[in-house]
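Notes follow once the structure below has been shown.
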Amino acid sequence: GRCFRCQKRGHVASQCGRLAQLPVEMLEMICEDLAMPYPSLSFPYRMFDLRLTCKEINDKTHNFFGKIAFSRLAFRLEYRDLNRVVEISKSSFASFAEFLTFRTYNRVDWQEYEADKQALENADLSQRQRRLTEARLHRARRAEEDEDFVQCSSMDGILLGSALQRMQNVRNVMVPHFEGVRLSALWMPTDILTQLSELRRLELYVQTKDESFENPSSWHTYLAKFLTNCQQLQHLHLGFRDDWKDTPEIFKAVAKNVKPPKLESLHLDYIRCTGQDLKDFLQANSSLHRLDLNNIDITGPTVAFADILELLSTTMTSLKSFKCRQVSQNSLRLHFETLGNITNDSNISFLSRHGLDFFQDFTWVSGPSIYDGRAEEWEGVPQKLGLLKNDVVLGWRTYHADHDDIVTHWMA
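Take the sequence shown: its position 327, counting from 1, is numbered 327 in the UniProt record's numbering, and each next residue is one higher.
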């Protein structure tokens with residue numbers, strides 16, 4: 001052991017005898033005080049000194065240390081960090097892990113990379129500037145190697161799967177990415193996919209533009225296969241961002257095969273699909289309590305959005321909340337003629353200079369937008385859906401998407 005104050009060996013008896021005799025609850029209160037005010041930043045480092053004082057204190061604070069230091073883990077999507085996940089999963093702290101966050105790279109700007117390479121050839125560069133430039137180049141090369149490894153080898157899925165088998169208490173996994181998860185990342189061995197069987201919540205944005213796939217028929221079922229293994233799902237948020245070229249084929253496979261029996265909440269975002277596929281998917285998941293449809297482009301002549309609203313009003317008896325925003329039919333915007341009229345904010349003094357149409361695409365106009373439809377529990381959802389069905393009108397404007405910056409892709 002080491003002295004808590006001077007860090008020297010041999011001072012344990014005089015410095016820590018009474019401290020070690022404290023009950024576990026009291027030591028945990030001391031640990032909690034050491035963790036404040038920023039546990040995620042300072043806690044493990046400040047607590048190391050206390051735990052090194054003697055074996056008895058180390059044993060008494062083991063569980064509390066594991067809970068605070070290992071319940072929330074953050075890693076980069078790189079080979080080294082994925083190996084860290086595996087190593088932690090083999091340790092005694094694996095059972096404490098509840099929240100995993102995987103951070104992606106900041107893309108390396110090619111022009112900055114080339115400029116740094118040229119700067120190293122400058123003999124007038126100071127030692128400090130040369131050292132910083134070399135470090136940036138090293139990080140860029142390592143990031144490029146790791147990104148290629150993660151995206152092309154599928155080893156990330158194998159490593160994570162083997163680690164999650166040992167992390168039995170993981171409840172939340174987040175992988176933020178502004179372009180979405182590539183379809184190739186969803187193609188995993190069957191024994192790895194079975195680890196998703198207990199997943200309760202999934203928030204997933206998919207990147208459909210994948211140059212490594214030339215034949216769409218060979219990969220449009222990847223997402224459906226991934227989701228069919230999530231039979232315990234209660235909350236699903238699914239979107240495709242802005243690249244919609246291949247989403248009709250992908251969503252067709254999802255509508256045909258994905259039917260989580262316990263699904264309560266469904267949020268679809270940035271999806272282009274046929275009206276029939278959307279109707280089939282909702283009909284197969286008719287026990288929903290909450291449904292959000294945002295930025296949806298319905299294609300095909302057979303099933304209109306009014307038919308979808310009719311289905312919801314007559315068959316979804318459990319529905320307590322419905323929201324739709326920016327829905328279009330064959331790329332022409334739908335709006336609600338009377339139920340969605342805009343109430344303009346009186347503080348907008350320059351309304352008269354532009355006219356009402358100028359404000360219909362902006363959020364700083366108070367009141368409901370003509371492109372929004374809502375039915376909440378206290379309004380009587382079936383009755384309100386019936387009114388929305390009769391009120392929806394096909395406009396002449398082309399589709400205009402909402403662009404939000406909040407993108408979270410996996411949530412378990």
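Idealized CB from N, CA, C, for every residue including glycine.
Being a predicted model, the structure only gives us computed values, none of them experimental.
Coarse secondary structure for L238, derived from DSSP in three states: In this structure, DSSP gives L238 an extended state, which the three-state scheme calls strand.
Buried versus exposed, by CB contacts within 10 Å (16 or more), S331: Flag for S331 reads exposed.
Looking at H235 and L204, is the spacing between their C-beta atoms short of 8 angstroms? No, these two residues do not count as a Cβ contact at 8 angstroms.
Is E87 close to chain D, meaning its C-beta is less than 8 angstroms from at least one C-beta of that chain? Included in the structure is just one protein chain, with no chain D present.
Cα-Cα separation between N285 and R325, rounded to whole angstroms: Between N285 and R325, the alpha-carbon positions lie close to 21 angstroms from each other.
In this structure, does DSSP put G395 in helix, strand or coil? DSSP places G395 in the strand class (E or B) of the three-state scheme.
7 angstroms CB neighbourhood of A163 in its chain, flanking five on each side removed: Counting only residues of its own chain and dropping the five nearest sequence neighbours on each side, A163 has a CB closer than 7 angstroms to the CB of V85, V86, S89.
For the putative contact between R72 and T61, defined by C-beta atoms under 8 angstroms, what is the C-beta separation to the nearest angstrom? Cβ atoms of R72 and T61 stay farther apart than 8 angstroms, at about 18 angstroms.
Report the residue from K67, D292, V24 whose alpha carbon sits nearest the alpha carbon of L319. Nearest of K67, D292, V24 to L319, Cα basis: D292.
Using the rule of at least 16 other Cβ atoms within 10 Å of the residue's Cβ for burial, across every protein chain shown, is G275 buried or exposed? Looking at its Cβ environment, which holds 16 or more other Cβ atoms inside 10 Å, G275 is buried.
Y205 bridges to which residues according to DSSP? Answer is G239.
Where do the ends of the alpha helix (DSSP H) carrying V254 lie? Counting along the chain, V254 sits inside the alpha helix (DSSP H) bounded by residues 247–257.
Applying the 10 Å Cβ sphere with the 16-neighbour rule, what's the burial state of S92? Within a 10 Å sphere around the beta-carbon of S92 sit fewer than 16 other beta-carbons, which makes this residue exposed.
Does the segment 294–302 come close enough to the segment 256–272 that 3 or more CB-CB pairs lie under 8 angstroms? With the cut-off at 8 angstroms, the segment 256–272 and the segment 294–302 touch.
Taking Cβ positions, are G340 and I370 nearer each other than 8 angstroms? Less than 8 angstroms separates the beta-carbon of G340 from that of I370.
In its own chain, which residues sit with a C-beta less than 6 angstroms from the C-beta of E28, not counting the 5 before and 5 after it? Within the same chain, E28 has close Cβ partners F64.
Member of L34, A253, G180 whose CA lies at the smallest distance from the CA of K209: Closest by alpha carbon: G180.
Taking all protein chains shown into account, do 16 or more other C-beta atoms lie within 10 angstroms of the C-beta of T53, making it buried, or fewer, making it exposed? T53 should be labelled buried.
Measuring only the C-alpha atoms, how far is V303 from A255? For V303 and A255, the distance between alpha carbons rounds to 15 angstroms.
Helix, strand or coil: how does DSSP classify A304 here? DSSP places A304 outside both helix and strand once states are collapsed to three, so it counts as coil.
So the alpha helix (DSSP H) Q283 belongs to, where does it begin and stop? Judged by DSSP secondary structure, Q283 falls within the alpha helix (DSSP H) whose first and last residues are 275–284.
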